[in-house]
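Contents: one structure, followed by commentary.
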Amino acid sequence: MDIVYLNGEFLPLDQARVPVLDRGFIFGDGVYEVIPVYSRRPFRLPQHLERLARSLAAIRLANPLTDGEWTRLIGEIVARNTGDDQSVYLQVTRGVARRDHAFPKEAKQTVFMMSGPLVTPAHELVENGVPCITGIDYRWLKCDVKSVSLLGNCLLRQSAAEAGAAEIVLFRDGNLTEASASNVFVIRKGTLLSPPKSHLILPGITYDVVLELAEAVGIPIELRAISEREVRSADELWLTSSTREVLAIVTLDGKSVGSGKPGPVFKRLYPAFQEFKRRVMRQAA
Ligand SMILES: Cc1ncc(COP(=O)(O)O)c(C=O)c1O
Numbered sequence: 017m018d019i020v021y022l023n024g025e026f027l028p029l030d031q032a033r034v035p036v037l038d039r040g041f042i043f044g045d046g047v048y049e050v051i052p053v054y055s056r057r058p059f060r061l062p063q064h065l066e067r068l069a070r071s072l073a074a075i076r077l078a079n080p081l082t083d084g085e086w087t088r089l090i091g092e093i094v095a096r097n098t099g100d101d102q103s104v105y106l107q108v109t110r111g112v113a114r115r116d117h118a119f120p121k122e123a124k125q126t127v128f129m130m131s132g133p134l135v136t137p138a139h140e141l142v143e144n145g146v147p148c149i150t151g152i153d154y155r156w157l158k159c160d161v162k163s164v165s166l167l168g169n170c171l172l173r174q175s176a177a178e179a180g181a182a183e184i185v186l187f188r189d190g191n192l193t194e195a196s197a198s199n200v201f202v203i204r205k206g207t208l209l210s211p212p213k214s215h216l217i218l219p220g221i222t223y224d225v226v227l228e229l230a231e232a233v234g235i236p237i238e239l240r241a242i243s244e245r246e247v248r249s250a251d252e253l254w255l256t257s258s259t260r261e262v263l264a265i266v267t268l269d270g271k272s273v274g275s276g277k278p279g280p281v282f283k284r285l286y287p288a289f290q291e292f293k294r295r296v297m298r299q300a301a
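Just so you know, we're using my numbering here: the sequence shown kicks off at 17 and counts up by one.
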């Protein structure tokens, strides 16, 4: 049985209970993080904790724990669960209070954490890439906050699932934003393009890693607005996220992307990503 953390206690998943008046349940009033763990070591933990702090500040909720406390608890949840590679999920909500949209005067944050096996894409998906569809990004204007209010993302991802697609690539006002649970990169004429960080996309931890690696291996980078036309005529498209790592999109709305196979720039970046992970994990050992 999975062991989870809830408000100061470690307990089996089926014994963890949150009151129905928790504002996370009533309003989706909270933020979260997903941290990949390789060989029992959290990957890029300081960056995840920094993003958590930014999300909390954006919703005006005090961080209930110090970075040292988060680090210790995350280490403990990993130790208490099985598997060397795990995915730690943590969330902080504004706590339990009588239902009223305005913030309660007195409420204590609810802190929940769980960890399960990290399922990265199978070898076959990495080799062959995945199909995606496109859609209009109708989410709110604070997509940089990793909010637990994910209804827009869920509706969008469901339309991808119903179309047999891995993801839905989103456009707002004619420009690429991201996908329902991943960032998107575009390759045109050997240059790696992605939208710059703004309120319209989640600042992905993997997005940063990909940019660092592209720079290190000498792939030119441009962070700028990317039109729908540029996406539809791209040589390569990639998805990135903590659990999907870097994955090539090979069809978009049923039409081949480039050659219809993961492209040459992907084949340079992907091994660099795997090597980087191994190196970081060795250093952390
Ligand atoms: C909307 C959205 N964009 C991008 C990402 C990728 O972020 P990261 O690389 O930190 O996992 C996620 C991750 O879940 C996401 O939900």
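Heads up, the beta-carbon is just placed ideally off N, CA and C, and yes, glycines get one too.
Proximity to residue i [Cα-Cα], best of the options
{"i": "residue 76", "options": "53, 56 and 119", "result": "119"}
{"i": "residue 66", "options": "146, 155, 83 and 141", "result": "83"}
{"i": "residue 112", "options": "105, 122, 103 and 196", "result": "122"}
{"i": "residue 281", "options": "256, 297, 221 and 203", "result": "203"}
{"i": "residue 222", "options": "265, 59 and 246", "result": "59"}
{"i": "residue 157", "options": "74, 144, 27 and 171", "result": "74"}
{"i": "residue 22", "options": "40, 62, 88 and 128", "result": "128"}
C-beta contact flag for residue i and residue j at 8 Å
{"i": "residue 97", "j": "residue 131", "result": "yes"}
{"i": "residue 187", "j": "residue 228", "result": "no"}
{"i": "residue 235", "j": "residue 211", "result": "no"}
{"i": "residue 142", "j": "residue 263", "result": "yes"}
{"i": "residue 251", "j": "residue 274", "result": "yes"}
{"i": "residue 261", "j": "residue 136", "result": "yes"}
{"i": "residue 9", "j": "residue 213", "result": "Residue 9 lies beyond the stretch modelled for the chain, which goes from 17 to 301, so this question has no answer here."}
{"i": "residue 233", "j": "residue 298", "result": "no"}
{"i": "residue 103", "j": "residue 198", "result": "no"}
{"i": "residue 148", "j": "residue 182", "result": "yes"}
{"i": "residue 146", "j": "residue 185", "result": "no"}
{"i": "residue 133", "j": "residue 99", "result": "yes"}
{"i": "residue 209", "j": "residue 173", "result": "no"}
Residue i versus residue j: straight-line alpha-carbon distance, rounded
{"i": "residue 167", "j": "residue 110", "result": "18 Å"}
{"i": "residue 3", "j": "residue 114", "result": "Beyond the ends of the chain as shown, which are 17 and 301, falls residue 3; an answer cannot be given."}
{"i": "residue 207", "j": "residue 238", "result": "7 Å"}
{"i": "residue 108", "j": "residue 93", "result": "16 Å"}
{"i": "residue 46", "j": "residue 125", "result": "9 Å"}
{"i": "residue 43", "j": "residue 117", "result": "8 Å"}
{"i": "residue 52", "j": "residue 164", "result": "18 Å"}
{"i": "residue 105", "j": "residue 48", "result": "7 Å"}
{"i": "residue 78", "j": "residue 69", "result": "9 Å"}
{"i": "residue 265", "j": "residue 34", "result": "39 Å"}
{"i": "residue 249", "j": "residue 290", "result": "28 Å"}
{"i": "residue 259", "j": "residue 138", "result": "11 Å"}
Residue i CB to nearest heavy atom of ligand 3 below 7 Å
{"i": "residue 109", "result": "Inclusion of ligand 3 in the displayed structure is not the case, the ligand content consisting of ligand 1 alone."}
Residue environment, residue i, which counts as buried when at least 16 other CB atoms sit within 10 Å
{"i": "residue 155", "result": "buried"}
{"i": "residue 278", "result": "buried"}
{"i": "residue 217", "result": "buried"}
{"i": "residue 152", "result": "exposed"}
{"i": "residue 272", "result": "exposed"}
{"i": "residue 215", "result": "exposed"}
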